[in-house]
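In full-length UniProt numbering, the protein residues as written are 1 to 341.
Structure record follows, encoded as structure tokens.
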């Protein structure tokens, strides 16, 4: 202090601002991310509430065509099945699906999509009575996908790759699902509004990372589409000897090309695929129709009951009789071949 007067400091135009104006301004990008996160959480919360009201058990078919709900109150062991072309959106909990040598984990905000019938093993890995596993599935209608594709820019995807994927979903897709599930509280509105919302859901998928898989469902010139024709032939004639040459001709491919693309799409060779279809069908005959083991083996195309029992045990981890007893004791009498992810 000089001459009794306090020293004056140079003015700081930033620090001299009032506190309310001196706080860091969040970036526009950060604000958008925060808003997106809030939207996702809000949509998932409403979906959870809707599924808790309407999902009654492991699988609940709804009044909306091809839409089903899943609910589980505990983690499960692996369940083998053939997953038809569909999407599965997890709303709460978590699921693991193994297709061939691929392991796919998905939880809220992620969606499993498959464009062809694939043999897979699935298990719920996160669920409890307080926070049950909740999921929604929609079986695809190829005609609707094809109609939507006609209004979108054409994209060439090259060679057929895997016919399944787990990818994150957008807030717009969750918003559409929220409106779809709300219809379950207003069943009179389902006939008029559900088809419109289904188209929006498929459109949102075609706009996101699932598009490559979904596009292949409806494109007659696509390799996956042609492999699906071969898959359909195997599934309808699983009890007959497999003629690879006929399948390759049906797909319009050489033998070498057919084998390569069939393995890329399904993760299996054609004979392996047929074997799994046979075993799944035999399991259904044993469980649902109470067939004898030998009778079931011959019904699905096996010529040797002992070979059937060996391959059954290799696929399901127990002999046919032990497997059926295990499932029945656990009150799990259901057709796994129709089970969704």
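Just so you know, even glycine gets a beta-carbon here, dropped at the ideal spot from N, CA and C.
Bear in mind that the values here come from a model prediction, so they are computed numbers and not experimental data.
Who are residue 148's beta bridge partners in DSSP? Residue 148 pairs with nothing; no bridge assigned.
Quick check on the DSSP output: the alpha helix (DSSP H) that includes residue 236 runs from which residue to which? 223-236
If you follow the alpha helix (DSSP H) that residue 180 is part of, which residue opens it and which one closes it? 171-182
The stretch 304-319 contacting the stretch 270-279, beta-carbon criterion three pairs below 8 Å: yes
Does DSSP put residue 242 in a helix, in a strand, or in coil? coil
Among 86, 270, 95, nearest to residue 246 - alpha-carbon criterion: 270
What are the uninterrupted segments assigned as alpha helix (DSSP H) that are 4 or more residues long and contained completely in the stretch 35-93, given in chain order? none
Neighbourhood of residue 72 by C-beta, 8 Å cutoff - its chain only, sequence neighbours within 5 removed: 58, 93, 124, 127, 132, 133
What residue from 51, 136, 316 has the CA that sits closest to residue 77's CA? 316
Taking the alpha carbon of residue 180 as the point to measure from, which residue in 62, 82, 225, 287 has its own alpha carbon closest? 62
By how many angstroms is the C-alpha of residue 188 removed from the C-alpha of residue 64? 11 Å
Using a Cβ-Cβ cut-off of 6 Å (strictly less than) and excluding sequence neighbours within five positions of residue 293, which residues of its own chain qualify? 320
In the DSSP assignment, the beta strand (DSSP E) including residue 137 goes from what residue to what residue? 133-139
Check whether the stretch 101-120 and the stretch 77-88 touch, using three or more Cβ-Cβ pairs below 8 Å as the test. yes
Less than 8 Å between C-beta atoms, sequence neighbours within five positions excluded: which residues of the same chain meet that for residue 328? 287
Let me check understanding here. Comparing Cα to Cα, which of 260, 165, 75 lies closest to residue 208? 165
Compute the Euclidean distance between the alpha carbons of residue 342 and residue 217, then round it to the nearest angstrom. Nothing can be reported for residue 342, as the shown portion of the chain is limited to 1 through 341.
With residue 168 as the anchor, note down where its beta strand (DSSP E) starts and where it stops. 164-168
Got a sec, what are the start and stop residues for the alpha helix (DSSP H) residue 266 sits in? 255-266
Can you give the beta carbon distance from residue 46 to residue 178, rounded, assuming they're within the 8 Å contact cut? 5 Å
Quick check on the burial criterion: 16 or more other C-beta atoms within 10 angstroms. Buried or exposed for residue 192? exposed
Roughly how many whole angstroms lie between the Cα atoms of residue 87 and residue 137? 5 Å
Could you give the C-beta distance for residue 229 and residue 264, rounded to a whole number, given that I count them as a contact under 8 Å? That pair is no contact at about 16 Å.
Can you pull the DSSP bridge partners for residue 114? 86, 164
Residue 103 by DSSP, collapsed to three states: which one? strand
Can you tell me the Cα-Cα spacing of residue 146 and residue 322, whole angstroms? 45 Å
Go ahead and pull the three-state DSSP assignment for residue 120. strand
Own chain residues within Cβ distance below 6 Å of residue 291, not counting five before or after: 285
Would you give the residue range spanned by the alpha helix (DSSP H) that residue 292 belongs to? Where residue 292 is concerned, there is no enclosing alpha helix (DSSP H), given that its DSSP letter is neither H nor E.
Can you give me the C-alpha to C-alpha distance between residue 261 and residue 253, rounded to a whole angstrom? 9 Å
Bridge partner(s) assigned by DSSP for residue 95: 106, 124
Can the beta-carbon of residue 44 be found closer than 8 Å to that of residue 119? no
Just curious, the alpha helix (DSSP H) that residue 215 is in, first and last residue? 211-218
Coil, strand or helix - residue 310 by DSSP: helix
Three-state secondary structure assigned by DSSP to residue 300: coil
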